[in-house]
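One structure is given here, and the rest of the page talks about it.
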Amino acid sequence: MAEPLLSLEGVHTHIGQYHILQGVSFAVPEGGMTVLLGRNGAGKTTALRTIMGLWKPSAGVLRFAGAAIGGMATPEIARAGIAYVPESMAVFSDLTVAENITLAARSGPPDPARLDWIFSFFPAMKRFWHAPAGVLSGGQKQMLAISRAIVEKRRLILVDEPTKGLAPAIIEGMIGAFRELKRETTILLVEQNFRFAASLGDNVAVMDDGRIVHAGAMAALAADEAMQTRLLGLSLDSHQ
Amino acid sequence: MTDQAATRTGAADAIPQARLDLIPLALPVALAGLAFLLIGTPTTWLTLTLAALAMGMMIFVIASGLTLVFGLMDVINFGHGAFIAVGAYLAMTVLGPLAPLVQADSLMLNLAALALAALVATFGAGALGLAFERVVIRPVYGQHLKQILITMGGLIIAEQLLHAIFGGDQKAMALPTAFRGAIVVGDLAFEKFRLLAVAIGLVVFLAMQLTLNRTRIGLLIRAGVENSEMVEALGYRIRRLFVGVFAAGSALAGLGGVLWALYRETFTAAIGSEVMVLVFIVIIIGGLGSVGGCFLGAILVAMMANYTAFLAPKVALASSILLMVAILMWRPQGLYPVAKR
Amino acid sequence: MIRALLSDDPPKSRLLAALLVLILAGLAAAPFVFPGAAALNTAAKICIFIVLVASYDILLGYTGIVSFAHTMFFGIGGYGVGLSLYFLGPGWPVVALGIVVALVIGVVLALAVGLVSLRVKAIFFAMITLAVASAFMILTTQLSEFTGGEDGRTFRVPELLRPTTRLFEEPFLGTAITGRVLAYYLVFLSAVALFLLALRLVNSCFGRVLQAIRENEMRAEALGYRVVYFRTMASCLSAALAVMAGAMSALWLRYTGPETTLSFAIMLDVLLMVVIGGTGTLYGAVIGATLFILAQNYLQKLMAMAAAATEGIPLLPRLLHPDRWLLLLGVLFVLSIYFFPTGIAGKLAGRGRGPAA
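Chains as they are written, first to last, in the working numbering: chain A, 1 to 240; chain B, 1001 to 1341; chain C, 2001 to 2357.
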């Protein structure tokens, strides 16, 4: 089996006095989408932030594309080819949509063909190109945050709960966009919305109390309702 | 499907625009108008207003770097005044041997001497800023309490060192010939140096606005002020950006120090601490991290200082405090609060 | 009994306790052990600054906020008593009136500054206090008909405290018991009482909440403590103690002026004392104030000697010139924040806890 694109082995992360990640191990194979599931407070966001270098792991090994990235500074990790869409979206509200996207393109002005591709599934970005990001709706901010992550091709995209607080119609749109994205890059998605995750994910890892409690193919989990209830604590129906 | 989503979110509308917040801009106009009524004589009012604009520009030049440094990295440098003093002493050192140029009756020669002095002061203070950031700020990065204490300690040391090197006596700084006196138009007198200060302040402001709005570095600074973590996650090394902004801010303080020393015509190493009180008031009024707010705040504080110095001289500085309190009651984060993550 | 007086917060090590007892004994016996006006003056100054520095530590060490307006409250106390005595003539009711008026003004001002600045950002507080304090100082020197301007006011204290007063015909233990000695003991006992009061304050429930806020503001807020309320209260109480120190100073010096109470130089002295002595423990204030004032009196003499000794070497004599003594103290200040964050008291008590940072 080929080496996975990203792997975590026995990763521990402390935030202040709290021990959040308590030995997390999982791998993200190259291509497709891996979904990280788990209850609130299980440590999913902390796992993404630790991969991104925004929290420093206190123990364990993180490898990306063959190189150890644990302890590296955030900008270096980003330059290694990882893009990040945080839960808060973190769009620069004082900057326009154009400026937000231009900044995300590190190597120069954004490629027009690439922008057209983004506009094809996020047409709002084209409409509001010159509008300050602060005036966008929640869904549009999410689209902008994702556009920023993909304006240049990156090897891995970390996305933290893109459906949070979005209307169902917009979530449907998101599914289309992610299908498109999956074709060219690898995505690690943190999600609470199981139906969204199940419709997109190829692989799945489930976290609880700072550890990985299950890892495998998404199809297997989606088909096994008993396992869902056991791992996620909630049945599919009540989780929407 | 995506189209459907987009039409719903975009709900048949024009492109939304940022809400332009114009009320603060009316404040200096209102203040000038009120002062006009209270002062009564238009010529006096005009002189005071020009003086206020000149003073405001000088304070802006000094304060702009400080407010950006705070916005970008949450670092407040109580030792900023040291760069003002360093600028003044460096300019004095350069202008001393250039006395023939300074005293010559030629605008070009005067300007050349002044430009050289300003250049040395600006770059000198900027270089010192780099060292200060490395030695004083970096070890206590992210610790507010220590930052305040250490930078204050740095200020004491810098002032004492300046006195040890240049002597503790009061220094004189003569205005070049071409900038003495006033341009008289009918009844109205415009002091030349004040016009120069206004011009320099405007140039700095415009250059800064252009940099912030039209260059990649500027975009990064604005983005960093809002959310420095995300800027890092996009792959930019914000530390380098911060060091650059810190050095630029120190350099501007040095330039401001030259102007302020020329304006006052005498100074000691305490020149920095004197101005810093006004500078702090200005950046608080403007909203910490906001360059536009800093510009407006500087004009407001300077107007208040100059008008009250004429109307009620004994309470001049206290009036700035009242202005600050009034503005904070209205907008607790300052005139233009900076959106923070 | 002693434990109760110390609010169950005795010094954390024997060495520290021994040093404190030594200072206490020295100050208590000063008029008899160290004869001469200059020595008594130094002892009184130490007493006054112990209160001032301890009250500042309530803010800096226990609450974790930096104020640059502490000398303003010191000055309010000084001017309150001084101007009352100057305009109303000597008398104890006048002293009491001066103290009450100063306390009211001081606390109201602290409340106002706190409400404007503390509800936004702690860093505002440092900047705003700096601005307010310098405005207050300029205002005080400008209103010269009332305050005496730059020159300040010299006034007569109540009869009992005047140097010419003799309590007994015969000297006691070789020292004449004059009004000066009495005034010294008034200052000394006030200092002891106010220090114990401050100790009680920081060891009360209120003091513990302050420390909880300093350690973790978010958590204290989550536990339901109104952070702004507690910080503002701390700032008011600290201001009240500083007002008292100012009143003591006025009574002792029989003079109040901007240089002795309001100047920024004194603010820096207080900062140095609290940092060098040790923040977050009131005993640090005792050590810091005592050492600093002793050093202040002798350091300049030492520097003059050093400057003379290094004559001929470039720059060095200039750096060692007695006027540059603040340079040495500034370096000491910065170094102690870096390498010595718990100050002398913290080091002696052997704790690793740094100042709130």
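Idealized CB from N, CA, C, for every residue including glycine.
| Item | Value |
| --- | --- |
| CA nearest to the CA of L2332 of chain C, picked from C:F2292, C:L2052 and C:Y2056 | C:F2292 |
| Chain-order list of residues whose beta-carbon lies under 8 Å from that of G1124 of chain B (same chain, five-residue window excluded) | V1086, G1087, L1090 and G1254 |
| For V2187 of chain C and L2161 of chain C, the rounded distance between their alpha carbons | 11 Å |
| Interface partners of T74 of chain A on chain B, CB under 7 Å | E1232 and A1233 |
| DSSP-derived helix/strand/coil call for Q1160 of chain B | helix |
| Strand pairing of F1036 of chain B, partner residues [DSSP] | Paired residues: none, contrary to the question. |
| Interface flag, D116 of chain A vs chain B, CB-CB below 8 Å | no |
| Identified DSSP bridge partners for L2241 of chain C | For L2241 of chain C, which the question treats as bridged, DSSP gives no partner whatsoever. |
| Chain C residues whose Cβ lies nearer than 7 Å to that of S1242 of chain B | Ser is not the amino acid found at residue 1242 of chain B; the sequence shown has Phe there. What F1242 of chain B touches in chain C: nothing, since even the nearest Cβ is about 17 Å away. |
| Simplified DSSP state of I2337 of chain C, which is helix, strand or coil | helix |
| Strand pairing of Q22 of chain A, partner residues [DSSP] | A:H12 |
| G32 of chain A - DSSP class collapsed to helix/strand/coil | strand |
| Beta-ladder partner(s) of Y84 of chain A, from DSSP | A:L158 |
| Contacts around P1978 of chain C, its chain only, beta-carbon distance under 6 Å, and the 5 residues preceding and following it disregarded | Chain C is shown from 2001 up to 2357; residue 1978 of chain C falls before or after that span and cannot be answered. |
| 6 Å Cβ shell around I1327 of chain B - same chain, five flanking residues per side excluded | I1285 |
| CA-to-CA distance, R183 of chain A to A124 of chain A, given in whole angstroms | 22 Å |
| Where A2039 of chain C meets chain B, residues with beta-carbon distance less than 7 Å | The contacting residues do not exist; A2039 of chain C stays about 29 Å from chain B at best. |
| Selected residue, minimal CA-CA separation from A2004 of chain C, among C:I2213, C:L2315, C:L2199 and C:A2289 | C:L2199 |
| Test: S199 of chain A CB closer than 8 Å to a CB of chain B | no |
| Alpha-carbon to alpha-carbon, L1149 of chain B and M1001 of chain B | The predicted model places M1001 of chain B with a pLDDT of 38, which falls under 50 and marks its position as unreliable, so this point remains unresolved. |
| Short CB-CB distance (under 8 Å) between K1171 of chain B and chain F | Note that chain F does not occur in the displayed structure, where the protein chains are A, B and C. |
| DSSP state of P132 of chain A mapped onto helix, strand, coil | strand |
| Which listed residue (B:F1078, B:F1205 and B:D1169) has its alpha carbon closest to that of F1132 of chain B | B:F1078 |
| The stretch 1290–1302 of chain B / the stretch 1047–1066 of chain B touching (three or more Cβ pairs under 8 Å) | yes |
| S2358 of chain C versus I2138 of chain C: straight-line alpha-carbon distance, rounded | There is no way to answer for residue 2358 of chain C, as the model of chain C reaches only from 2001 to 2357. |
| Cβ pair L136 of chain A, L144 of chain A closer than 8 Å | yes |
| A1104 of chain B to Y2255 of chain C span [Cα, whole Å] | 52 Å |
| For L2022 of chain C, the nearest candidate out of C:I2287, C:F2264 and C:L2315 (CA to CA) | C:I2287 |
| Rounded straight-line distance, which links the Cα of A2289 of chain C to that of E2169 of chain C | 35 Å |
| E99 of chain A in three-state terms, based on DSSP | helix |
| Residue burial classification, M1329 of chain B (beta-carbon count within 10 angstroms, cutoff 16) | exposed |
| Secondary structure of T2342 of chain C, DSSP reduced to three states | coil |
| Inter-stretch contact (C-beta, 8 Å, three-pair minimum) for the stretch 1238–1256 of chain B and the stretch 1042–1054 of chain B | no |
| Inter-residue Cα distance where the pair is L1025 of chain B and G1297 of chain B | 10 Å |
| C-alpha distance - R1222 of chain B paired with Q142 of chain A, whole-angstrom precision | 20 Å |
| Minimum Cβ-Cβ distance from Y1141 of chain B to chain A less than 8 Å | no |
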